[in-house]
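Colleague:
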Ligand code: URA
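In the numbering used here, the protein residues as written are 4 to 236.
The following block contains the structure:
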């Protein structure tokens, strides 16, 4: 790869900014100052900017604890003018490449997975993969225990042709439950409880597949996934 391209891929610089930077003699390759933008560098080359090592941005895999009143979108729109995107909470370069693997509503909190690896993201969001998502749900009124069976059988959502796929419900109390679903229809959890005549007052995602929200992350906190977490998808 050319050195100017390497600089673009490892920083926020444009190609012309990278070329200008090279003229300042602040870039070294394997210990020698290089000014030539066309110089070839390999994966073994040690490229430094003002003494600091640079590395190419590979695929990134991030978990974030979404706070209330943030959106899972990077597109402009009315909501985008009202609320910050979760992507704005990340201090990483090239954040415009990142996509959210499974969105949450503005008033839902908890685990959001963010990546620039489209295939990995697809394995989480594709309905065919049936990736489980576990939510902690607080309800407006007490839930009848028969909801366990109803959700296991599938419920009819307004405006949908088919029943929901089997979902697993666990009671914490009669107004707080854990629900695991294996699909991701629009407002699915809220609509499932609405189908039983109840109303969700708080919704928090705790788990996606076998990736559990790290308890050490405060609302708005994030970290890179471990190899094990990445490979679990
Ligand atoms: N289901 C919902 O209703 N909202 C979410 O944010 C996620 C799942």
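No residue lacks a Cβ here, since even glycine has one placed at the ideal position from N, Cα and C.
(1) Give me the residue from 91, 40, 86, 187 with the minimum Cα distance to residue 104.
(2) Starting from the Cα of residue 135, find the closest Cα among 192, 110, 121, 164 and give me that residue.
(3) Does the beta-carbon of residue 191, which I'm using as the reference point, lie nearer than 6 Å to any heavy atom of ligand 1?
(4) Give the straight-line distance between the Cα atoms of residue 222 and residue 48, rounded to the nearest whole angstrom.
(5) Please indicate yes or no: does the CB of residue 167 lie closer than 6 Å to some heavy atom of ligand 1?
(6) Among residues of its own chain, excluding the 5 on either side of residue 2, which ones have a beta-carbon nearer than 6 Å to its beta-carbon?
(7) Determine, for residue 187, whether the minimum Cβ-Cβ distance to residues of chain C falls below 7 Å.
(8) Under DSSP, the alpha helix (DSSP H) around residue 51 begins and ends at which residues?
(9) Go ahead and label residue 87 buried or exposed: buried means 16 or more other beta carbons lie within 10 angstroms of its beta carbon, across all protein chains shown.
(10) How is the beta strand (DSSP E) around residue 121 delimited, first residue to last?
(11) Going by the DSSP bridge assignment, what does residue 40 pair with across the sheet?
(12) Does the stretch 172-189 come into contact with the stretch 145-156, if we say contact requires no fewer than three beta-carbon pairs (one atom in each stretch) closer than 8 Å?
(13) Mind reading off the beta-carbon distance from residue 124 to residue 102? Whole number of angstroms is fine, and I expect it under 8 Å.
(14) Using three-state DSSP, classify residue 15 as helix, strand or coil.
(15) With residue 191 as the anchor, note down where its alpha helix (DSSP H) starts and where it stops.
(16) Less than 7 Å separating the beta-carbons of residue 58 and residue 13?
(17) Is residue 146 near residue 177, with beta carbons less than 7 Å apart?
(18) Check each candidate in 106, 77, 34 and name the one with the smallest Cα separation from residue 68.
(19) Is residue 108 a contact residue of ligand 1, with contact defined as CB to any heavy atom under 6 Å?
(20) Check whether the Cβ atoms of residue 248 and residue 113 sit closer than 7 Å, and answer yes or no.
(21) Got a sec, what are the start and stop residues for the beta strand (DSSP E) residue 205 sits in?
(22) Less than 7 Å between the C-beta atoms of residue 29 and residue 52, yes or no?
(23) Grab me the residues of residue 141's own chain with a C-beta within less than 6 Å of its C-beta, minus the 5 sequence neighbours each way, in chain order.
(24) How long is the line joining the alpha carbons of residue 158 and residue 131, rounded to whole angstroms?
Modeller: The relevant details are as follows:
(1) Mapped onto the chain shown, residue 104 falls at position 101. Per the Cα distances, 187.
(2) For the purposes of this step, residue 135 is taken as the residue at position 132 of the chain shown. The shortest C-alpha separation from residue 135 is found at 192.
(3) Counting from one through the chain shown, the residue named residue 191 turns up at place 188. Indeed, a heavy atom of ligand 1 lies less than 6 Å from the Cβ.
(4) Numbered from its first residue, the chain shown carries residue 222 at position 219. Numbered from its first residue, the chain shown carries residue 48 at position 45. Roughly 39 Å between the two C-alpha positions.
(5) Counting from one through the chain shown, the residue named residue 167 turns up at place 164. Checking every heavy atom of ligand 1 against the Cβ of residue 167, none is found closer than 6 Å.
(6) Lying before the first or after the last residue shown, residue 2 is absent from the chain, which here runs from 4 to 236.
(7) The question asks about chain C, but that chain is absent: this structure has only one protein chain.
(8) Against the chain shown, residue 51 aligns to sequence position 48. Here residue 51 belongs to no alpha helix (DSSP H); instead the beta strand (DSSP E) covers 50-52.
(9) To locate residue 87, count along the chain shown from 1; it is residue 84. That one is exposed.
(10) Locating residue 121 in the chain shown gives position 118, where the first residue counts as 1. Run containing residue 121: none in the beta strand (DSSP E); it sits in the alpha helix (DSSP H), 121-128.
(11) Within the chain shown, the letter at position 37 stands for residue 40. DSSP lists no partner for residue 40.
(12) yes
(13) As a working mapping, residue 124 is identified with position 121 in the chain shown. As a working mapping, residue 102 is identified with position 99 in the chain shown. Right, their Cβ atoms sit about 6 Å apart.
(14) Numbered from 1 along the chain shown, position 12 holds the residue referred to as residue 15. Note: residue 15 maps to coil in three-state DSSP.
(15) On the chain shown, position 188 is the one that residue 191 refers to. Unbroken alpha helix (DSSP H) run through residue 191: 191-198.
(16) Along the chain shown, one-based indexing puts residue 58 at 55. Along the chain shown, one-based indexing puts residue 13 at 10. Cβ atoms of residue 58 and residue 13: closer than 7 Å.
(17) Reading the chain shown from its first residue, position 143 is the one you call residue 146. Reading the chain shown from its first residue, position 174 is the one you call residue 177. Yes, Cβ-Cβ distance for residue 146 and residue 177 is below 7 Å.
(18) In the chain shown, residue 68 corresponds to position 65, counting from 1. For residue 68, the nearest C-alpha among the options comes from 106.
(19) Looking up residue 108 in the chain shown gives position 105. Yes, the beta carbon of residue 108 sits closer than 6 Å to at least one heavy atom of ligand 1.
(20) There is no way to answer for residue 248, as the model of the chain reaches only from 4 to 236.
(21) Position 202 of the chain shown, counting from 1, holds the residue named residue 205. Looking at the DSSP string, the run of the beta strand (DSSP E) that includes residue 205 is 203-211.
(22) Mapped onto the chain shown, residue 29 falls at position 26. Mapped onto the chain shown, residue 52 falls at position 49. It is a contact, given that the beta carbons lie within the stated cut-off.
(23) Residue 141 sits at position 138 when you count from the first residue of the chain shown. Excluding sequence neighbours, residue 141 sits near 179, 204, 205.
(24) What you label residue 158 is simply residue 155 of the chain shown in a count that begins at 1. What you label residue 131 is simply residue 128 of the chain shown in a count that begins at 1. The straight-line gap from Cα to Cα measures roughly 19 Å.
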